[in-house]
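Colleague:
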Amino acid sequence: MKAIVIHAPGDLRVDQVAAPTPGPGEVQVQIGAGGICGSDLHYYHNGGFGDVRLKEPMILGHEIAGTVIDVGPGVSSVRPGDKVAVNPSLACGTCAYCQAGLQNHCTDMHFYGSAMRFPHVQGAFRELLVCKEAQAVAVPSHVSLDEAAFAEPFAVALHAVSRAAPLVGKTVLVTGSGPIGVLIVAAARLAGAGTIVVSDILDEPLAFATAMGADTVVNTGKQPDGLAGYESGKGTFDAVFEASGSGAAVIQALRVLRPRGALVCVGQGGQANLAMSAVVTREIELRGAFRFHTEFRTAVDFIAAGRVDLRKLLSAAMPADDAKAAFDLASDKSRSMKVQLRF
Ligand SMILES: [Zn+2]
Ligand SMILES: [Zn+2]
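First residue of the sequence shown: 748, per our numbering; consecutive thereafter.
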């Protein structure tokens, strides 16, 4: 079967690998749609991010949906023919963090297409995937596989919003209007946010933020002082979601947050010299948001119930054989929001 394998920065190949078969408690899924994520792009361009480095060839991909082909003994929740969104996150269930309900911090996590551990956990951009039954979340037949493949990044956004909850009636800023930023807009809307402002350095992604429910968008590329008005009166925002990975955006956020406001950092890779006095005197809450756990099922439920329409974020769906062109398109924020591969 075909798989999309990163060998080194810039060296992305369509390789032939052995097709897996399901054992007890496992499900074999024919992958239909796979969304290219910012982390896939980090491996493609830089061979990783932060301390996470590619040390061996790795199949990329973790935003996937497909159709069940076969099930192993003991599987009861899905059957051949079912559409499923596949949860790429497999926590051990027994470590101290799993026991404490913090499965996203599992010390023995297996997350598809991640070089955090060695040997790396191979990813899901492949024709056939075998996963644990609990990872294959059934979606109703009326939901398209492209939409179901948004469950993973939407789960990330729902988790980020949960880190700042409750948002009912609150004034929210999202910095960075990439896929995660605009999905946070959708999630914040569902969570009852009052006013949502989104900033980015490009107009094209900001148009998607508006489509997902942002009230105001600010192009800080064209207007570097575009957020300065929100600094008045000790700040405007109850919560800022930093989804650009830019250190400058974190510093900006400290200026526009109200006392006791929450700065939720979702974007990775940046470095910032923080004005600690701003954190101290305005009692800012600095919080990270990493991956998700229960939010995966919530994301599937919201998509299935039509509570959000994420299809408008899909810029292109390209055949797996054109993976390199698809990755290049996904890297161009002026031409794409979410690019998916078809298998
Ligand atoms: Zn992702
Ligand atoms: Zn664990």
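In this text, a Cβ means the ideal position worked out from N, Cα and C, and glycines have one as well. Bear in mind the structure is a predicted one, so any value in this text is a computation, not a measurement.
Nearest-angstrom Cα distance between Ser1078 and Met1023?
Modeller: One C-alpha to the other measures close to 34 Å.
Colleague: Excluding the 5 residues flanking Glu1032 on each side, which residues of the same chain have their C-beta closer than 8 Å to its C-beta?
Modeller: Excluding residues within five positions, the ones whose Cβ falls inside 8 Å are Arg1007, Gly1008, Ala1009, Leu1010.
Colleague: Our contact map puts Pro767 next to Val877 with C-beta atoms below 8 Å; I'd like the distance itself, whole angstroms only.
Modeller: That pair is a contact at about 4 Å.
Colleague: Count the other CB atoms within 10 Å of the CB of Asn1020; is the residue buried (16 or more) or exposed (fewer)?
Modeller: Under this definition Asn1020 is an exposed residue.
Colleague: Hey, how far is the Cα of Asp972 from the Cα of Ile816?
Modeller: Straight-line Cα distance between these residues: approximately 54 Å.
Colleague: Leaving out five residues before and five after Lys1059 in sequence, what residues of the same chain have Cβ atoms less than 6 Å from its Cβ?
Modeller: Closer than 6 Å at the Cβ level, and outside the excluded window around Lys1059, lie Ala958.
Colleague: Could you check whether the Cβ of Ala716 sits closer than 8 Å to any heavy atom belonging to ligand 2?
Modeller: The structure shown has nothing for residue 716, since the chain only spans 748 to 1090.
Colleague: Please give the ranges of any beta strand (DSSP E) in the region 830 to 911, keeping only runs that are unbroken, at least 3 residues long and fully inside the region.
Modeller: You should have 830 to 833, 875 to 879, 883 to 886.
Colleague: Mind reading off the beta-carbon distance from Ala986 to Leu1001? Whole number of angstroms is fine, and I expect it under 8 Å.
Modeller: At roughly 13 Å, the Cβ-Cβ gap does not stay under 8 Å, so Ala986 and Leu1001 are not in contact.
Colleague: Go ahead and pull the three-state DSSP assignment for Arg936.
Modeller: Looking at Arg936 - three-state DSSP - the assignment turns out to be helix.
Colleague: Within 10 Å of its beta-carbon, does Glu894 have 16 or more other beta-carbons around it, so buried, or fewer, so exposed?
Modeller: Flag for Glu894 reads buried.
Colleague: Taking the straight line between their C-alpha atoms, what separation do you get for Gly848 and His1040?
Modeller: Approximately 9 Å, taken between the alpha carbons.
Colleague: Is any heavy atom of ligand 2 found at a distance shorter than 8 Å from the C-beta of Met1084?
Modeller: Result no, Cβ not under 8 Å from ligand 2.
Colleague: In the DSSP assignment, the alpha helix (DSSP H) including Val997 goes from what residue to what residue?
Modeller: 994 to 1003 is the extent of the alpha helix (DSSP H) around Val997.
Colleague: Helix, strand or coil for Thr814, going by three-state DSSP, please let me know.
Modeller: Strand, per DSSP.
Colleague: Relative to ligand 1, what is the chain-ordered list of residues with a Cβ closer than 6 Å to any of its non-hydrogen atoms?
Modeller: Checking every Cβ against the heavy atoms of ligand 1 under 6 Å gives Cys784, Ser786, His809, Glu810, Glu899, Pro900.
Colleague: For Gly994, which residues from the same chain have a beta carbon less than 8 Å from its beta carbon, with the 5 sequence-adjacent residues on both sides left out?
Modeller: If we look at Gly994 and ignore the five residues flanking it on each side, its Cβ neighbours are Gly1017, Gln1018, Ala1019, Asn1020.
Colleague: Pick out whichever of Thr854, Val833, Ala832 has its Cα sitting closest to the Cα of Cys842.
Modeller: If we check each option's Cα against that of Cys842, Thr854 comes out closest.
Colleague: Please state whether DSSP places Val987 in a helix, a strand or coil.
Modeller: In the structure shown, Val987 sits in a strand (DSSP, three-state: E or B).
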